Structures are given as C-alpha cells and as structure tokens.
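J.:
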Amino acid sequence: MTRATPPTGGGRRRRPVLLGLLGVLLIAGVVGVVVAVTGPRDGATSSRSTVDMEERVAAIAERFPDGYPQHSILLTGSSSFGRWTTSKEDLRPLETYNLGIGGTTVADHLAHLDSMIAPFDPRAVLVYVGANDISGDADGLSGAETADAVIEYLGRLEEVAPDAEVFYVEIAETPAREAVREEVGTANDLIRAYADTDDRVVFVPTAEALLTPDGAIDPSLFVGDGLHFDDAGYDRFAEAIRSVVLPALE
C-alpha cells in the first residue's frame, strides 16, 4: 500500500467541521471547546510531574550512539507506550522507535520536543499524552484543560517535525481512574474534534476496544494497579492502533 505524502512546512490546513464541533460543544458543555479550532487557551498548564526528564531524554540519546535514525516512525508519550515492550513487533512491517516515558505529563513532552523528537526528522509520530494530566489528584487537570494542553503540544510538534504525519492515540479509561472517566471522555472528544480540523493529525480511537460489551471498563485488561495494561490489554490496544496506522503508513 502506498503511503500518502504528508504536507511539508509548518503550516496546518484546516477542514471546516462546524457541525462536528457544535456536537462536541453540546457533549462537553464547556466554553473552552472553541480551542478545537483556534488553539489552546492562554495560560493552560499541566499537572505536576516528578519525572527527571533531562535524565530520561539523555537516556534516549544514548540509545543511538551512531546518530538518530532519520525519517523515522516514533512513539512518544507516557507509560502506555513506555511499557509496550512489543511495540516494534506489533507494528511491523513499519520500523518504529518507542520513546515512551512512564509518569510523564503533556508539559514534560512539550518542554522537550526539540531534544526528543526533532533530531529524528520523523516521517510519522504516534502520540499518547494526557492520561497522567487527568489524574484525579488535587493538582490534576480537567478534561478541557488537558485537551488545551494536548492541542498546544500537537501544534508545536508539527513545527519541530514539519514533514511528520501525527497520530494521536486516544486516552484510555482505566479502573484506577474511573472517578475521572467523564473528564477523560471530555478530553478525548475535544481532541478528536481538533484532529478533524487539522489535516496532519489523525485521531486513533482505542478506548472502545478496552471496554466490556456493555460499555464498562474491563478490569481483566489491566495489571493489579488498575492503571497499566496487561498482555491482553496490550493485544487490544495494539490492534486498535494497527488498524489505523498501518494502512496510512505502509
């Protein structure tokens, strides 16, 4: 299957999706939904992280002593990618590099795009960020605030990786964070609506694959902490991603 040629340059072409955005406005019930068209609100911040990003980014560089593979396909984000130890095999025949870092927030990745992503000059980037921002903790973000942060990140990613196709992987609903399930849904709805306006961003739906037939979160797909996938969970997660990414990039 031939690969669609991604647009070059930093500009983003927008598709009119007025009806879709109005639907999201009704679902989310937040004025901040206008960010799906215009970008993040001023002052949007992310929740606090305890990850030593300088150390983790340096560790990524050490993996490539002979230089960064150019025009690569990258996976970047938090532990759902970082713990996906079979990602290279699961996404073949694509040649991918997993840069996932557990415990990270959107702000962590935004602050290190130039050192983490730009050196690869990637042709595609799979992104899983935002899950740790909607933590339910006192310093956690709402779904709308998380969407703002993600949209800011995606815009900046397009600048540092001007030739890359971007695949945003939907935030998973987990047993450990069932109390903020509605906020997770709001974030996903707003980010999906944004992706509908940006020709370089593809929203990858995965959440439904991790639910029971009646729409409940399936605890059998998670390890004991109720936050991270077990092998069966990764099988579902991987298949949902493959079904979108492989046809687009092969």
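Going by the numbering used here, the first residue of the sequence shown is number 200, and it counts up by one from there.
No residue lacks a Cβ here, since even glycine has one placed at the ideal position from N, Cα and C.
These numbers were taken from a predicted model, which means no experiment stands behind them.
1) Jot down the residue ranges of each uninterrupted beta strand (DSSP E) in the stretch 268-293, minimum 3 residues, whole runs only, in chain order.
2) Given this structure, state the Cα-to-Cα distance separating residue 195 from residue 387, to the nearest angstrom.
3) Locate the alpha helix (DSSP H) running through residue 436, then write down its first and last residues.
4) Give me the residue from 249, 275, 420 and 280 with the minimum Cα distance to residue 375.
5) Could you please give me the residues that DSSP links to residue 295 through a beta bridge?
6) With distances taken Cα to Cα, identify the nearest neighbour of residue 311 among 285, 250, 289 and 294.
7) Out of 350, 293, 445 and 390, point me to the one whose CA is closest to residue 308's CA.
8) Mapping the DSSP letters down to three states, classify residue 395 as helix, strand or coil.
9) Tell me whether the beta-carbon of residue 333 lies closer than 8 Å to the beta-carbon of residue 382.
10) Using a threshold of 8 Å, state whether the C-beta atoms of residue 315 and residue 293 are closer than that.
11) Less than 8 Å between the CB atoms is what I'm expecting for residue 373 and residue 440, so what's the real figure, rounded?
12) Given residue 335, which residues of its chain have a CB within under 6 Å of its CB, disregarding the five upstream and five downstream residues?
13) May I ask which residues mark the beginning and end of the alpha helix (DSSP H) holding residue 165?
14) Closest to residue 343 by C-alpha separation, out of 282, 394, 390 and 413, would be which residue?
15) Go ahead and pull the three-state DSSP assignment for residue 258.
16) Short of 8 Å in beta carbon distance, which residues of its chain neighbour residue 438, apart from the five on each side in sequence? Order them along the chain.
17) Do residue 286 and residue 273 come within 8 Å of each other at the CB atom, strictly closer than that value?
T.: Let me spell this out:
1) 272-276
2) Because residue 195 is not part of the residues shown, which for the chain are 200 to 449, the question remains open.
3) 430-448
4) 420
5) 272
6) 250
7) 350
8) coil
9) yes
10) no
11) Going by Cβ atoms, the distance from residue 373 to residue 440 rounds to 17 Å, so no, they are not a contact pair.
12) 376, 378 and 379
13) Because residue 165 is not part of the residues shown, which for the chain are 200 to 449, the question remains open.
14) 390
15) helix
16) 408
17) no
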